[in-house]
Each structure stands twice: as structure tokens, then as C-alpha cells.
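There are 2 protein chains.
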Amino acid sequence: MDSKAAKTGMKVERPAKTLRELALGNLREAILEGVFKPGDRLVERDLCEQLGVSRTIVREVLRHLESEGLVSTQIGKGPIVAPLDADIAQQIYEVRGALEAMAARLCAESDDPTIAPALDAALAGIRKGYATGDMGHVLTSTSEFYRVLFSKVNRHVAWDIVNMLTVRINHLRSMTIKTDKRDVEGPAQMAAIVDAIRDRDGARAYRVATEHVASAADIAMQIFADREQT
Amino acid sequence: MDSKAAKTGMKVERPAKTLRELALGNLREAILEGVFKPGDRLVERDLCEQLGVSRTIVREVLRHLESEGLVSTQIGKGPIVAPLDADIAQQIYEVRGALEAMAARLCAESDDPTIAPALDAALAGIRKGYATGDMGHVLTSTSEFYRVLFSKVNRHVAWDIVNMLTVRINHLRSMTIKTDKRDVEGPAQMAAIVDAIRDRDGARAYRVATEHVASAADIAMQIFADREQT
DNA sequence: CCGCTGTACTCGGTATCCCATATTATGCCT
DNA sequence: AGGCATAATATGGGATACCGAGTACAGCGG
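So the sequence lines, in the order shown, correspond to chains A and B. Residues 167 to 396 in this note's numbering are what the first sequence lists, from first letter to last. Residues 167 to 396 in this note's numbering are what the second sequence lists, from first letter to last.
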């Protein structure tokens with residue numbers, strides 16, 4: 167796995183050694199898991215206890231998450247979990263779409279025969295997750311699918327951006343994949359991307375990738391609409 | 167200005183109040199200005215003196231710049247100014263191209279008649295900068311051009327990303343705009359973008375915007391090639 | 001000439017302190 | 001009783017001082 171990552175030029179994250187990286191991961195996870203909900207205040211001194219680290223670390227971590235967009239700091243108050251509105255979510259999906267479509271096209275236009283099989287493997291993981299009802303597995307396999315898409319053509323800058331954006335819409339992703347018929351539609355759309363890549367059809371790969379993200383965005387917007395009606 | 171910014175949803179940066187924001191701006195500026203060159207170590211305690219702030223601040227700032235990609239921290243050592251290689255630069259130009267082309271298309275497809283004049287104004291600024299030899303003015307006007315492109319269609323997420331990427335290739339930008347004939351080619355390409363927008367031709371706007379970034383990237387790659395020959 | 005050792009440097013991390021502000025609780029006066 | 005002024009609390013912004021560990025380099029000895 168490591169050698170493979172090195173071969174693709176993709177930065178392999180070595181076992182996070184510094185406390186700060188650990189704390190960063192933990193807090194990010196906690197926010198993603200919903201332990202802290204959007205709008206909740208993130209009190210530095212409380213986090214020190216909960217994370218078991220000093221305020222220095224907590225502050226560095228908060229700053230980092232702030233630049234990731236997961237945390238926002240209001241002037242007179244302090245850091246809170248950044249709320250996500252429909253407009254921002256829409257924009258995030260849009261950028262993701264642009265970048266993932268770009269990557270899909272590049273994959274199609276490269277002549278690396280290992281791409282399609284690797285994507286198929288990830289796709290199989292997604293289908294298996296749906297079949298077994300393991301939604302966590304669906305999410306990680308989906309990430310793997312896109313990771314392959316970017317790393318096979320050595321686009322780690324774009325991949326980093328997509329990753330940054332993805333964490334912000336994490337809970338939306340969890341909901342979109344549970345939507346009615348998404349268990350067949352989603353994989354089908356992704357299979358269409360793989361097909362286009364296999365056919366070396368860059369334009370089609372670009373188009374179907376764009377459509378896939380757009381349909382996920384549509385579902386997300388529907389979720390916002392439903393929520394508002396409450 | 168504030169009301170306009172609010173209307174466009176574009177984040178207006180209020181006069182940085184916290185010491186941290188000041189220090190962040192100063193250090194970023196220093197790196198961009200070349201006070202610290204790629205590979206230079208950024209010794210925390212030295213920066214404390216030079217910036218006149220405590221280590222707390224310096225560390226938060228370094229963390230922030232790290233997540234911006236301007237600074238990289240090597241495990242056993244410490245923070246250094248992130249070196250920029252041709253591969254990364256290429257990828258940054260590529261992502262910028264994808265996003266700017268997207269914004270150009272959106273501008274063309276919107277029916278906001280204020281877009282083209284605003285872009286023309288920025289373009290005039292660029293031409294004036296070239297005419298007077300004020301390259302700093304060329305750069306800020308170019309940024310203004312793209313800021314308008316994104317803000318007129320309310321894409322501040324994408325704009326933030328483009329901005330983040332742009333600082334990393336700042337010195338390349340300074341060099342590309344000084345390239346032979348870039349003083350006529352560059353503005354001509356940007357005028358083509360405005361023309362396409364005025365004609366409501368989304369596909370053409372997308373294409374010419376892509377081409378403009380690609381030509382800038384080509385020049386940047388040439389700079390890397392020349393540098394290597396030394 | 002090469003290898004070892006010790007010292008200086010610096011980072012990651014911690015523990016306190018101080019100050020300003022914002023919120024909340026208290027209490028007094030009308 | 002109600003409203004306003006005030007005090008107490010909570011918290012963020014910032015500064016210091018300190019410690020342990022790893023790196024780098026200089027000098028010493030073989």
C-alpha cells in the first residue's frame with residue numbers, strides 16, 4: 167500500500183505522530199460524528215480537558231479547522247462549529263463536480279490500463295456496502311473511488327481540495343447515499359464513469375462525472391428543502 | 167462597499183483586528199515578497215522577535231500558512247518556506263483553470279449586464295499598469311478581474327480556493343506577466359473572455375478562460391525549464 | 001582521516017499568568 | 001414591581017517560562 171502510494175506520487179500520511187495531528191483528527195471526527203453540532207460553541211478550555219491536551223494545541227487545531235471551513239470564529243465570541251447552508255453546500259458540490267470531472271477526463275485520456283480495474287474494485291466495495299447495509303463502508307469506498315481517480319493521474323493538489331471540501335458536506339453525504347434508489351443510481355453513474363474511462367472517451371467521462379455530482383447535489387438540496395419545511 | 171459585498175455574499179475582510187491576523191498577513195507578505203525564500207527555515211523564536219509577538223501567535227500563524235500550502239513542516243526539523251516545484255505549479259494552474267473557466271461560463275450564462283463593464287474596468291487597470299510599467303498594479307488588477315468574475319455569480323467558495331492557490335504561485339505570476347509580449351497577449355485573452363460573456367456564449371467563455379490560464383501555465387513551465395538549465 | 005561525544009539549538013508540548021470583553025447575575029433605587 | 005447600574009463569571013486573546021527530546025555541528029580522540 168505504501169509503495170503503491172509512493173509510486174503514484176500521492177502523499178501517504180504516515181502514522182500521525184504529533185499530538186496536534188492526533189487532536190486535529192479527533193476533533194474533526196467529533197464534529198463530523200455530530201458530537202458537536204453546527205452552531206455549538208467550542209470552548210477552548212473545555213476542549214483541553216476533553217482532548218487531554220494543552221490550550222496551545224487546542225488553539226492550533228481550531229485555527230486549522232477554521233481554515234478548513236469546519237469551524238468559524240465570530241469576532242466578539244469565539245469558535246463555533248460552522249453551520250452549512252444550502253448555498254455553500256451547492257457551491258461545494260459545484261467545485262467538486264468541476265474537479266472530479268477534470269480528473270475523470272484525465273483518467274480517460276491517459277493510457278494507464280490499471281485505472282479501470284482499480285475503480286471497479288472501489289465500486290464493488292460500494293455495492294457490497296449497500297448490499298450489507300454498511301453505510302460507513304459505502305462512504306469509505308466512495309472516497310476510495312475518487313482517491314483512485316485523482317491519484318492515478320497524480321493530481322494530489324486537486325485531491326486535497328476535494329477532500330477539504332468533502333469534510334464540510336460529510337453529513338450530507340451520509341444522507342444522500344441513504345436516499346431512495348441511490349443504492350442503484352449512484353453505483354450506476356459511477357460505473358458509467360469507469361466505462362467512459364475504459365473507452366478512452368474523455369468528453370464522456372467528463373460529462374457523466376459532472377452528472378453524477380450534480381445528482382448528488384440535487385438530493386442534498388432536496389434535503390435542505392425538506393429540512394426547511396419543518 | 168460593505169453593502170455591496172454583503173449583497174454579493176462575498177466576504178469583506180474587515181480591518182484585521184487580532185494580532186494574529188496582523189501577524190499572519192505580515193508573515194505571508196514577507197514570504198511572498200521573498201524576504202524568506204523557499205527552503206528557508208522559519209525559526210519560531212526568531213519570528214517572535216521579527217513580528218513582535220509571542221510564540222503562541224507565531225505557532226498559530228505557521229499552522230495557518232501550512233494549511234495554505236505556503237509553509238511546510240518537516241518531521242524532525244521544523245517549518246520551512248514550502249518550495250514550489252514545476253509539478254505542483256502545473257497542478258495549481260490546472261485547478262485554477264478549471265475553476266476560472268467555470269466562473270467565466272457562469273458569468274456568460276447569467277444575464278447580469280453589469281458583469282462585462284466591471285470586467286472591462288479591471289482590464290483597463292491591467293492595461294494601464296502595463297503602460298506605466300507598474301507591475302504591482304497589473305497584478306492587483308488581474309486579481310480584481312477574477313474577483314469580479316467569481317463574485318458576480320456569487321461563487322465565493324471557489325474564489326477562496328483560487329485565492330489560496332494563487333498565493334502559492336505568486337512569484338510565478340510576477341514573472342509571467344513580465345514575459346515578452348505578455349503585455350498584449352494577456353489582456354487580449356482576457357478581453358476575449360469578456361467578449362464571450364457579453365455575447366452570452368458560455369461555451370466560448372469556458373474555452374477562452376481555459377486557454378488563458380493554460381498559456382500562463384506554459385510560460386510558468388518555461389520559467390522552470392530555464393531555471394533548471396542554470 | 002574517521003568516528004565518537006557533548007553541547008547548542010529548536011521544536012513539540014505544558015502550565016500559568018494577565019487583560020479585555022461579553023454575558024449573566026445581583027442588587028439598588030425609584 | 002420593574003428597570004437600570006453594577007458586580008461576578010466565563011472565555012478568548014495574548015504572553016512567559018519551562019521541560020524533554022531529537023538534530024546538528026564542533027571538537028576531541030584514536
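Note that beta-carbon positions come from the ideal geometry of N, C-alpha and C, so glycine has one too. All values derive from a computational prediction rather than experimental measurement.
Query	Result
In chain B, which residues lie with their C-beta within 7 Å of the C-beta of Met-268/A?	Ala-264
I'd like the list of long-range same chain contacts for Ile-442/B, defined as Cβ closer than 7 Å, with 5 residues on each side in sequence excluded.	Residue 442/B falls outside the range modelled here, since chain B spans only 167 to 396, and no answer is possible.
With a threshold of 8 Å on Cβ separation, who are the neighbours of Asp-367/A within its own chain once the five nearest residues in sequence on each side are excluded?	Ala-274
Would you check if the distance between the CB atom of Ala-270/A and the CB atom of Ile-359/A is smaller than 8 Å?	yes
Quick check on DSSP: helix, strand or coil for Arg-207/B?	strand
For a cutoff of 8 Å on Cβ pairs, would you count Gly-337/B as touching chain A?	Note on identity: in this sequence residue 337/B is His, with Gly being the wrong assignment. His-337/B does not count as touching chain A.
Go ahead and pull the three-state DSSP assignment for Ile-246/B.	strand
Is the stretch 367–381 of chain B touching the stretch 279–298 of chain B, taking contact as three or more C-beta pairs under 8 Å?	no
Could you tell me which of Gly-299/B, Gly-263/B, Gly-295/B, Gln-395/B sits nearest to Asp-127/B, measuring between CA atoms?	Nothing can be reported for residue 127/B: it is not among the residues displayed for chain B, which extend from 167 to 396.
Counting Cβ pairs closer than 8 Å, one from the stretch 230–247 of chain A and one from the stretch 198–211 of chain A, do we hit at least three?	yes
Between Ile-258/A and chain B, is any beta-carbon pair separated by less than 8 Å?	yes
How would you label Ala-267/A, buried or exposed, when you count the other beta carbons within 10 angstroms and need 16 or more for buried?	buried
Distance, Cα to Cα, Asp-251/B vs Ala-380/B?	17 Å
Check distances from the C-beta atoms of the stretch 299–327 of chain B to those of chain A and list, in chain order, the residues that come in under 8 Å.	Asn-320, Arg-321, His-322, Val-323, Ala-324, Ile-327
Can a CB atom of chain B be found closer than 8 Å to the CB of Gln-388/A?	no
Taking three-plus beta-carbon pairs below 8 Å as touching, is the stretch 338–348 of chain A in contact with the stretch 298–315 of chain A?	yes
List the residues of chain B that Glu-226/A touches, going by C-beta distances under 7 Å, in chain order.	Arg-225, Glu-226, Arg-229
For Gly-191/B, count neighbouring Cβ atoms within 10 angstroms of its own Cβ and tell me buried if that reaches 16, exposed if not.	exposed
Hey, could you find the ends of the beta strand (DSSP E) Thr-239/B is sitting in?	237–239
Between Ile-389/B, Pro-204/B, Lys-318/B, which has its C-alpha nearest Asp-162/B's C-alpha?	Missing from the structure shown is residue 162/B; chain B here goes from 167 to 396 and no further.
Tell me the rounded alpha-carbon separation between Trp-325/B and Leu-315/B.	9 Å
Could you spell out the range, first to last residue, of the alpha helix (DSSP H) harbouring Ile-118/B?	Here chain B covers residues 167 to 396 and nothing more, so residue 118/B does not appear.
For Pro-204/B, I'd like the list of residues in its chain whose CB is within less than 6 Å of its CB, leaving aside the five on either flank, ordered along the chain.	Val-247, Pro-249
For Arg-221/B, count the other beta carbons within 10 Å of its own beta carbon; 16 or more makes it buried, fewer makes it exposed. Which is it?	exposed
Going by beta carbon distance, what residues of the same chain come within less than 7 Å of Tyr-312/A, once the five residues before and after it are set aside?	Glu-266, Val-328
Under 8 Å, do Arg-321/A and Leu-289/A count as touching if we go by C-beta distance?	no
Report yes or no: is there a C-beta of chain A within less than 8 Å of the C-beta of Glu-234/B?	yes
Any Cβ of chain A within less than 8 Å of the Cβ of Ile-254/B?	yes
Please compile the residues from chain B whose C-beta is within a distance smaller than 8 Å of the C-beta of Thr-222/A.	Thr-222, Arg-225
So, with DSSP's three-state summary, where would you put Val-201/A?	coil
Could you check which residue in Ser-309/B, Arg-393/B, Thr-298/B, Ala-362/B has the C-alpha nearest to that of Asp-349/B?	Thr-298/B
Which value, in whole angstroms, describes the spacing of the CA atoms of Gln-216/A and Lys-183/B?	30 Å
Going along chain B in order, which residues have a C-beta closer than 9 Å to the C-beta of Val-247/A?	The contacting residues do not exist; Val-247/A stays about 18 Å from chain B at best.
Closest to Lys-318/A by C-alpha separation, out of Ser-276/A, Gly-295/A, Asp-361/A, would be which residue?	Ser-276/A
When you compare the CB positions of Leu-228/A and Val-219/A, do they come within less than 8 Å of one another, or not?	no
From the DSSP output, in three-state form, read off Gly-299/B for me.	coil
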